[in-house]
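**Q** Below is a structure I'd like to ask you about.
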Amino acid sequence: MSLSIDSTAASASILKQLNDMQSQLQTLARQATPQTAHVQSETDETAQVAINDTKPAAKASESIGQFQAMLQNAFEDMNILQNTSSVMQSRFDVGDRSLSLADVMIASQKASLSFEATLQIRNKMVDAYKSIMQMNV
0 MSLSIDSTAA SASILKQLND MQSQLQTLAR QATPQTAHVQ SETDETAQVA INDTKPAAKA
60 SESIGQFQAM LQNAFEDMNI LQNTSSVMQS RFDVGDRSLS LADVMIASQK ASLSFEATLQ
120 IRNKMVDAYK SIMQMNV
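If you're matching positions, the sequence shown starts at 0 in numbering that gives the first Met the number 0 and goes up one per residue.
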């Protein structure tokens, strides 16, 4: 008899937990529905903009300008890091006590990493250019 009472209590506990989980899922579903509708409306707006897009050349030139500015900034940053590293190495070589060897080495490694990243970007751009030039129109 005690077995059936314990199993009834356990069943009631499990049933309560299931009801709690179901109510939590329903709450989450209600919260997710407006977001899904928002995503759907954004998708519809994007499709409408793509259909009505009458100025692709202007947008392309803006993108090219932004890409060019990004590359130019990256090259300038790399150049600044190289120059800073060179100046720090020269100052350390002549005995400037305000610089530690660790600072000089960190600056040197930053410059080296920046140069390697720039070199890899150049290589990828050359590869992209070659593949575009080999395309048949």
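Built from N, CA and C at the ideal position, the CB exists for glycine as well.
(1) Are the stretch 120-132 and the stretch 87-105 touching, with three or more C-beta to C-beta distances below 8 angstroms?
(2) Could you tell me whether the stretch 83-100 touches the stretch 62-71, using the rule of 3 or more Cβ pairs below 8 angstroms?
(3) Does the beta-carbon distance from Met77 to Ser99 come in below 7 angstroms?
(4) Rounded to a whole number of angstroms, what is the C-alpha to C-alpha distance between Gly94 and Ala73?
(5) Taking just the CA atoms, how far does Ser62 sit from Met124?
(6) Under a three-way DSSP split, which group does Gly94 fall into?
**A** With the given structure in hand:
(1) no
(2) Contact annotation: the stretch 83-100 does not touch the stretch 62-71, with fewer than three C-beta pairs closer than 8 angstroms.
(3) Within the sequence shown, residue 77 is the residue found at index 78, counting from 1. Within the sequence shown, residue 99 is the residue found at index 100, counting from 1. The answer is no: Cβ separation not under 7 angstroms.
(4) Reading the sequence shown from its first residue, position 95 is the one you call residue 94. Reading the sequence shown from its first residue, position 74 is the one you call residue 73. Note on geometry: alpha-carbon atoms of Gly94 and Ala73 lie some 32 angstroms from one another.
(5) To locate residue 124, count along the sequence shown from 1; it is residue 125. To locate residue 62, count along the sequence shown from 1; it is residue 63. The alpha-carbon of Met124 is positioned some 16 angstroms away from that of Ser62.
(6) Stepping through the sequence shown from its first residue, residue 94 is reached at position 95. Looking at Gly94 - three-state DSSP - the assignment turns out to be coil, as it is neither helix nor strand.
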